[in-house]
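S.K.: Sharing a structure below in structure tokens format, with a few things to ask.
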Amino acid sequence: MGIMTPLGQFTYACAALLLLTKANGVATADTISYDVKVEKESSCITDINKARQVVGFADLVQATDGTEGKRLPDGVTGKPEAQFTGSAWEPVCKVLLPKSGGGPAARTSITEFQSGTYAFKSLESDSPECSTIVEEWKGSYKNFNGLPPPYSKDTELYKDQNNVSFVAMYNPSSGATADCRVVTCTKKTQTGTRALARAAPRNGDLKVETGYALICMTVPDVLPKDKSTAPFTEDQWSQIVTAFEGSASTVLPSLLALAAAALCATTSLL
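Heads up: the sequence shown runs through residues -29 to -1, 1 to 241, numbered per mature numbering (1 follows the signal peptide of the UniProt record, and there is no 0).
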């Protein structure tokens, strides 16, 4: 039997190590899974309805469990990346988890699961500051120049999710419902090179990324993709304008008061 050369010894050692690795069930690839929690029902709906009452619109009613077509999809637990890809929640989690490659929230990111008009706000935690969020959405009023047009993906106005959220918050439909809940997306990455069968994962092996959002799904959809209708009638938009800017009936008394004061001043000089 000949003497094994150094190269042969190295090759033999590598082969033995490979066999040992397989025998011990060592994984070398990362394993990624997703959890999505949908909770805290009726989140911020009280603040939203206060804003609607100022305009003169009826309160949105929280869509109850089992109401078909009016509720956000159920969450998921431990969904492998391959199964999560292409799911209803994938585009939402991409927005909430920037490292996943998502950009700013867009209407198409949160409307893949049901037909509705959505108000959306990314959060720092699972506890939304409702009054601040509603004020931010109300602030989008300044972006509207006259009666809002029907939805189109090419309309710059609706490329800003806050503008869409404004429309959703003031959904004028009779009997409109809302499903307002906090969504938590969690991405778990289990790093490779650990024993799958014979060793428990170490703390350092698991990377967890989490993102949060408040999502309010309002139904019926007042920004349908078929561009069939504008979200508000002239009268409905007039109500909103009056609430934000005041009306002639509130401005006129002030003008009359100024005119009267000027007249009195003129008379006193005569």
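Positions of the beta carbon are idealized from the N, C-alpha and C atoms, including for glycine.
Can you check whether the CB of CYS187 is closer than 8 Å to the CB of PRO99?
M.R.: no
S.K.: Going by DSSP, what residues sit across from GLU127 in a beta bridge?
M.R.: Answer by DSSP bridge pairing: none, since GLU127 is not bridged.
S.K.: Classify GLY182 as helix, strand or coil using the three-state DSSP reduction.
M.R.: strand
S.K.: Please work out which residues of its chain come closer than 6 Å, Cβ to Cβ, to ASN114, disregarding the five sequence neighbours upstream and downstream, and give them in chain order.
M.R.: ASN134
S.K.: DSSP three-state call for GLN161: helix, strand or coil?
M.R.: strand
S.K.: So what does THR189 bridge to, in DSSP terms?
M.R.: THR88 and ALA149
S.K.: Work out the CA separation of PRO202 and PRO191 for me, nearest whole Å.
M.R.: For the pair PRO191 and PRO202, the Cα-to-Cα distance works out to about 11 Å.
S.K.: Rounded to the nearest angstrom, what separates SER144 and LEU194 at their Cα positions?
M.R.: Rounded to whole angstroms, the gap between the alpha carbons of SER144 and LEU194 is 12 Å.
S.K.: Taking Cβ to Cβ, would you say THR181 is nearer than 8 Å to THR157?
M.R.: yes
S.K.: Any idea if THR38 is buried or exposed, counting beta-carbon neighbours within 10 angstroms, 16 or more meaning buried?
M.R.: exposed
S.K.: Just the C-alpha distance for SER58 and GLU127, rounded to the nearest angstrom, thanks.
M.R.: Their backbone Cα atoms lie some 27 Å apart in a straight line.
S.K.: Mind checking which residues open and close the beta strand (DSSP E) that includes SER4?
M.R.: First-last of the beta strand (DSSP E) with SER4: 2 to 10.
S.K.: At the level of alpha carbons, what is the spacing between ALA214 and PHE28?
M.R.: 11 Å
S.K.: Could you spell out where the alpha helix (DSSP H) holding PRO62 opens and where it closes?
M.R.: 61 to 67
S.K.: Determine which residues share a DSSP beta bridge with LEU177 and list them.
M.R.: GLN161
S.K.: What does DSSP give as the partner residue(s) for VAL32 in the beta ladder?
M.R.: For VAL32, which the question treats as bridged, DSSP gives the partners THR148.
S.K.: Thinking just about the alpha-carbon of each residue, which of LEU185, LYS109, ALA184 and THR160 is nearest to the one in ASP176?
M.R.: THR160
S.K.: What is the DSSP secondary structure of CYS15, reduced to helix, strand or coil?
M.R.: In the three-state reduction of the DSSP assignment, CYS15 falls in the coil class, being assigned neither a helical nor a strand state.
S.K.: Can you check DSSP and say which residues form a bridge with THR155?
M.R.: LYS8 and TYR183
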